[in-house]
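Student:
Number of protein chains: 2
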Amino acid sequence: MAIAFQIGATDGEARATTLTTRRGMIETPVFMPVGTAGTVKGIRFEELESPELDARIMLGNTYHLWLRPGIETIRACGGLHKFIGWERAMLTDSGGFQVWSLGALRKITEEGTEFRSHLDGSLRFLSPEISMEVQTVLGAEIAMAFDECAPGEATVDEARRSMELTLRWAQRSKEAFERLHAAVLPNDSGEERELPSARPLPLTALPAEAGKQSMRGTLSQRQSLFGIIQGAGHLDLRRESLERTAEIGFDGYAIGGLSVGEEKHVMMDVIEEIAPRMPAEKPRYLMGVGTPEDLIEAVARGVDMFDCVLPTRNGRNGQAFTSRGKLNIKNARYAWDQNPLDESCGCSVCRRHTRAFIRHLYQSGEMLASMLLTHHNLAFFLDTMKRVRQAIRSGQFAEFRREFTEQLHCGLE
Amino acid sequence: MAIAFQIGATDGEARATTLTTRRGMIETPVFMPVGTAGTVKGIRFEELESPELDARIMLGNTYHLWLRPGIETIRACGGLHKFIGWERAMLTDSGGFQVWSLGALRKITEEGTEFRSHLDGSLRFLSPEISMEVQTVLGAEIAMAFDECAPGEATVDEARRSMELTLRWAQRSKEAFERLHAAVLPNDSGEERELPSARPLPLTALPAEAGKQSMRGTLSQRQSLFGIIQGAGHLDLRRESLERTAEIGFDGYAIGGLSVGEEKHVMMDVIEEIAPRMPAEKPRYLMGVGTPEDLIEAVARGVDMFDCVLPTRNGRNGQAFTSRGKLNIKNARYAWDQNPLDESCGCSVCRRHTRAFIRHLYQSGEMLASMLLTHHNLAFFLDTMKRVRQAIRSGQFAEFRREFTEQLHCGLE
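Residue numbers (the numbering used here), protein chains in the order written: chain A, 1 to 413; chain B, 1001 to 1413.
See the structure below:
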């Protein structure tokens, strides 16, 4: 696989590991800011790269980028990194979750998912093969298998049907991924290999015959491909999904289908059941979760990687995450409050600006409110994970976890 | 006056001068980014302060800040600098232009301007005395006299009536300003002086009796007060306005009432007629103007200071100012364009991002589009003024002006 994975320290189930990619080293547990359309909303790359945030890996969304600007544009611009100007590592999701969350706008068949674009209503089709094709053009260090998500409250039958489909799609994802890589990347002798003809790629995303040509230049090294464990809240299905996904064999494994409407305890039950059983020698990624507390609890159960829109989305909606819990800047009590968002935070926003000012910006509809809240929230998430890594490496994770949780619940002054 | 003014070099009518304030030195010709509500829209202060932009002075809008968050909040937070966290110099306008531009929502009388707040429709009243009071609480290094603006196409009678009113308001502004300063600032013996009773201040903006107490702590040093020259497009009125405003005596002088719908040549005629006649030993400020070309032409006629929303507002609307003219990022021709916004620009946006990516961000409604365009536009305006200063100091302004203008007109590649 294109990334090297090494476990540095463990503390109970918690792990401090290192992912080495050609675009830099990523220490885990790691939080990955979500860059939906090629931008982490409301913050510049320079800030993400600054020592204060130091985000080592960013997410990109296949669904969004495929629809706009479109894969042709990104290909013409040399792949996603080059198109957006981000030189650190990236992970792309498969689009499976996004099309699933379109609800009434999509129709899932064995072959893939037919859906209407949320942008223009046009009919589109996404399958494991197309997702792999698009992700190969995007060229992130880590690509994700194309999966189907079951709703949080899915019955065991629904969840099994969905899980079985995800397993078949996982197999197809891996095959398509490998054929694409074989076709695009030069072999050991430096010659380019032909596209195997066993299962013709639909090449829907790209003009016919463009398969090789189109991706040459954007993919210079093998990507990693992660498989996704599904099964809703049914622990037996989750265990089966894990086993059979691991049998297919991926470079890393993700827990999908959480934070989709299930009860909070269900999420933690699944993580508790599954995370420690995931292959220890591969990265473990919990998709789309969660609050700082969720992250700490998942780390305690052996998870290495996280992504979530909470710090950015909630920031834009006026919510700050702090060491003492959430703060809603709209609240009138902050109108004259000259404290920073979080007294314990050393980020550039907390060093400089008061709650009163940020509230004024928010009330005035000023973009800077979103920018400052986003910056602080990301700083808080990223700094928390840094402290988690330090705690694991020094064997003090249990203590850190207890203190962090206690402080979170003692409320804002 | 609180700021020291020194002429460093002249080249024709163009001047390179220095304003020394207790919050840093400002070299002119200078462009002042507009911070309407206490924020230059779409950019963080850290970027404004970076060597790349190095904005030495920012504008604040009395009208906007008075209505929201309100003067009580800003007073409680220790004045505008402290409230927003900006430690460099500031200039506040008087609110005169803003209430005038409310149009049908305002009624102008001898005493002042009654208007309805654009926020909640509440009836408000702004006068020279109230404007001075508010500006004293805001505490910028430079305050502006309260004036009335005449429309660009005003007849000579309308323009004269407006100009006479502005002159009476200028006198009242100065008197109120001096009485407020006398009341608030300690005298030489360190004792605070009483508020003179000659013309009681209405204190509408502040609770009665709050005059002294309320401003203590926000104003630690004398502000400068600039007078404003009006007279629409009538050169004889403009000359008279200049003479009689200078007779009242201010720390600097501004040309107001331009860029309000008059023909382009009218604006340049007024600047050409008035700027060189403005007191040479005081700063000359052209309010609300303009394009990079306008700035260069006004510098050539002796203007020192500028403010304008063009770089920020047009940035948010997808327009980039470049050395080869304006660029509309919405244009489909930029969809695959891997050039920077301006090949000649060394700003962090042009060093990193392509037109294709910024266009994608704009089309996707991403905040980052506004942020990047705003940054580049401000970098372009501020860098242009830096080059103007260097050209004047090296006696090569005429050459610079010719080359800059030629390049501007040769069009985008």
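Every residue, glycine too, gets a C-beta built ideally from N, C-alpha and C.
Can you tell me which residues form a DSSP beta bridge with Asp-11/A?
Tutor: Ala-14/A, per the DSSP bridge assignment.
Student: Considering only residues of the stretch 1081 to 1109 of chain B, which uninterrupted alpha helix (DSSP H) runs meet the minimum length of 4 residues and lie entirely inside it, listed in chain order?
Tutor: Segments of the alpha helix (DSSP H) lying fully in the stretch 1081 to 1109 of chain B: 1096 to 1100.
Student: Are three or more beta carbon pairs between the stretch 1347 to 1355 of chain B and the stretch 1376 to 1383 of chain B nearer than 8 Å?
Tutor: With a cut-off of 8 Å, the stretch 1376 to 1383 of chain B and the stretch 1347 to 1355 of chain B count as touching, because enough Cβ pairs lie within range.
Student: Considering just the uninterrupted stretch of the alpha helix (DSSP H) at Thr-73/A, what are its terminal residues?
Tutor: Taken as a continuous stretch (DSSP letters only), the alpha helix (DSSP H) holding Thr-73/A covers 71 to 76.
Student: Cα-Cα, which of Lys-1264/B, Glu-1297/B, Leu-1219/B and Met-1144/B is closest to Gly-1252/B?
Tutor: With distances taken between Cα atoms, Gly-1252/B lies closest to Met-1144/B.
Student: Since Arg-1053/B is in the alpha helix (DSSP H), which residue starts that stretch and which ends it?
Tutor: According to the sequence as given, residue 1053/B is Leu; it is not Arg. Careful: Leu-1053/B lies outside any alpha helix (DSSP H) and carries neither H nor E.
Student: My output table needs one value for Leu-1019/B: the three-state DSSP class, helix, strand or coil.
Tutor: It is a strand residue.
Student: State the Cα-Cα distance for the pair Gln-6/A and Arg-1355/B, rounded to the nearest angstrom.
Tutor: Roughly 39 Å separates the two Cα atoms.
Student: Have a look at Ala-16/A, Met-385/A, Lys-41/A and Met-163/A and flag the residue whose alpha-carbon is nearest the alpha-carbon of Leu-235/A.
Tutor: Answer by Cα proximity: Met-163/A.
Student: CA-CA distance, Arg-1199/B and Ala-1009/B?
Tutor: Its pLDDT being 40, under 50, Arg-1199/B is placed unreliably in this model, and the value from its coordinates should be taken loosely. When rounded, the distance between both Cα atoms is 43 Å.
Student: Output the residue ranges of the alpha helix (DSSP H) runs that lie fully inside the stretch 102 to 156 of chain A and measure 4 residues or longer, sorted by chain position.
Tutor: DSSP runs (the alpha helix (DSSP H)) wholly in the stretch 102 to 156 of chain A: 128 to 138.
Student: Hey, does His-1081/B have any beta-carbon neighbour from chain E nearer than 7 Å?
Tutor: Here the protein chains are A and B, and chain E is not one of them.
Student: Tell me, which residues are paired with Gly-1227/B by DSSP?
Tutor: DSSP output for Gly-1227/B lists Tyr-1253/B as bridge partner(s).
Student: Kindly indicate which three-state DSSP category Gln-1363/B falls into: helix, strand or coil?
Tutor: If DSSP states are grouped into helix, strand and coil, Gln-1363/B belongs with the helices.
Student: So does the stretch 81 to 88 of chain A actually touch the stretch 106 to 118 of chain A, counting three or more Cβ pairs closer than 8 Å?
Tutor: Taking 8 Å as the limit for Cβ pairs, the verdict is that the stretch 106 to 118 of chain A does not touch the stretch 81 to 88 of chain A.
Student: In whole angstroms, what is the alpha-carbon distance linking Gly-1315/B and Pro-1033/B?
Tutor: Cα-Cα distance, rounded: 13 Å.
Student: Taking only beta-carbon atoms, is Phe-357/A less than 7 Å away from chain B?
Tutor: Yes, because at least one Cβ of chain B sits closer than 7 Å to the Cβ of Phe-357/A.
Student: Measuring CA to CA, which of Ser-1370/B, Gly-1290/B, Glu-1366/B and Ala-1335/B is closest to Asn-1317/B?
Tutor: Closest option to Asn-1317/B, Cα to Cα, is Ser-1370/B.
Student: Taking three-plus beta-carbon pairs below 8 Å as touching, is the stretch 9 to 18 of chain A in contact with the stretch 1325 to 1333 of chain B?
Tutor: Verdict: no, contact absent.
Student: Given a threshold of 16 other Cβ atoms within 10 Å of its Cβ, counted over all protein chains shown, does Asp-304/A qualify as buried or as exposed?
Tutor: Per the 10 Å Cβ criterion, buried.
Student: Hey, is Pro-340/A's beta-carbon within less than 7 Å of any beta-carbon in chain B?
Tutor: So, not an interface residue.
Student: Mind checking who Gln-1006/B pairs with in its DSSP beta bridge?
Tutor: Per DSSP, Thr-1018/B.
Student: Let me check understanding here. Comparing Cα to Cα, which of Gln-338/A, Asp-342/A and Leu-91/A lies closest to Gly-325/A?
Tutor: The shortest Cα separation from Gly-325/A among Gln-338/A, Asp-342/A and Leu-91/A belongs to Asp-342/A.
Student: Using a beta-carbon distance cut-off of less than 7 Å, what residues from the stretch 1149 to 1171 of chain B approach chain A?
Tutor: Cβ contacts with chain A come from no residue of the stretch 1149 to 1171 of chain B.
Student: From the DSSP output, which residues share a beta bridge with Ile-1026/B?
Tutor: Its beta-bridge partners are Leu-1019/B.
Student: Consult DSSP for Asn-1339/B and reduce its assignment to one of helix, strand or coil.
Tutor: Here Asn-1339/B sits in coil by DSSP.
Student: Mind checking the stretch 1363 to 1376 of chain B against chain A and listing, in chain order, the residues whose C-beta falls within less than 7 Å of any C-beta there?
Tutor: The stretch 1363 to 1376 of chain B vs chain A, Cβ under 7 Å: Gln-1363, Ser-1364, Glu-1366, Met-1367, Leu-1368, Ser-1370 and Met-1371.
Student: With H, G and I counted as helix, E and B as strand and the rest as coil, what does DSSP make of Gln-1396/B?
Tutor: Gln-1396/B falls in the coil class under three-state DSSP.
Student: Closer than 8 Å by beta-carbon distance: list the chain A residues that pair up with Cys-1077/B, in chain order.
Tutor: Here the neighbours are Trp-336, Gln-338, Thr-354, Ala-356 and Phe-357.
Student: My assumption, with CB atoms under 8 Å, is that Met-1146/B sits in contact with Ser-1173/B. Please give the rounded CB distance.
Tutor: Note on identity: in this sequence residue 1146/B is Phe, with Met being the wrong assignment. Going by Cβ atoms, the distance from Phe-1146/B to Ser-1173/B rounds to 5 Å, so yes, they are a contact pair.
Student: Does Lys-1041/B pass the burial test, meaning 16 or more other C-beta atoms within 10 Å, or should it be called exposed?
Tutor: Buried: at least 16 other Cβ atoms inside 10 Å.
Student: What residues are listed by DSSP as bridge partners for Ala-320/A?
Tutor: BP columns for Ala-320/A point to Leu-327/A.
Student: What does Ser-348/A touch in chain B if you count any residue whose Cβ is under 9 Å from its own?
Tutor: Correct list: Arg-1044 and Glu-1046.
Student: Do the stretch 1217 to 1232 of chain B and the stretch 1252 to 1261 of chain B make contact, defined as three or more Cβ pairs closer than 8 Å?
Tutor: Flag = yes, the stretch 1217 to 1232 of chain B and the stretch 1252 to 1261 of chain B touch.
Student: With DSSP run on the structure shown, which of helix, strand or coil describes Asp-1269/B?
Tutor: If DSSP states are grouped into helix, strand and coil, Asp-1269/B belongs with the helices.
Student: How many Å lie between Glu-1293/B and Gly-1261/B at the Cα?
Tutor: Roughly 18 Å separates the two Cα atoms.
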